[in-house]
Amino acid sequence: MSRIPDATHGGFDIYTVVLPLEHGRWSAISDIERPGAEGLEVFQDFGGPCEADTADAAKAAVLARTRHKIDDLNADPV
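Its first residue numbered 887, the sequence shown is counted upward by one per residue in the working numbering.
1) Mind checking Asp942: buried by the 16 CB within 10 Å criterion, or exposed?
2) How far does the beta strand (DSSP E) with Ile918 in it reach, from first residue to last?
3) I need the DSSP call for Thr952, collapsed to helix, strand or coil.
4) Taking buried to mean at least 16 other C-beta atoms within 10 Å of its own C-beta, is Val928 buried or exposed?
5) Alpha carbon to alpha carbon, how far is Asp939 from Arg911? Give it in angstroms, no decimals.
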């Protein structure tokens with residue numbers, strides 16, 4: 887099964903998972919992946935969790951946090 891990324895940033899594909907919480911709140915997390923020298927590099931639970939009142943707001947928050955973390959990773963690779 888192939889997935890379609892929700893966004894691409896800094897050489898990484900970003901995938902989000904958004905789940906409902908109690909009291910009408912929503913939570914989102916993200917995974918990122920990119921092709922590496924030894925195959926696909928996958929970073930699970932890279933961004934989040936981000937909670938918000940709507941699914942769209944939670945997704946937007948986790949995408950913003952993930953993009954920031956990717957920028958940090960690319961600026962100072964391990």
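All C-beta atoms, glycine included, are put in the ideal place defined by N, C-alpha and C.
Keep in mind that this is a model prediction, so the values were computed, not measured.
In this structure, then:
1) exposed
2) 912-922
3) helix
4) exposed
5) 5 Å
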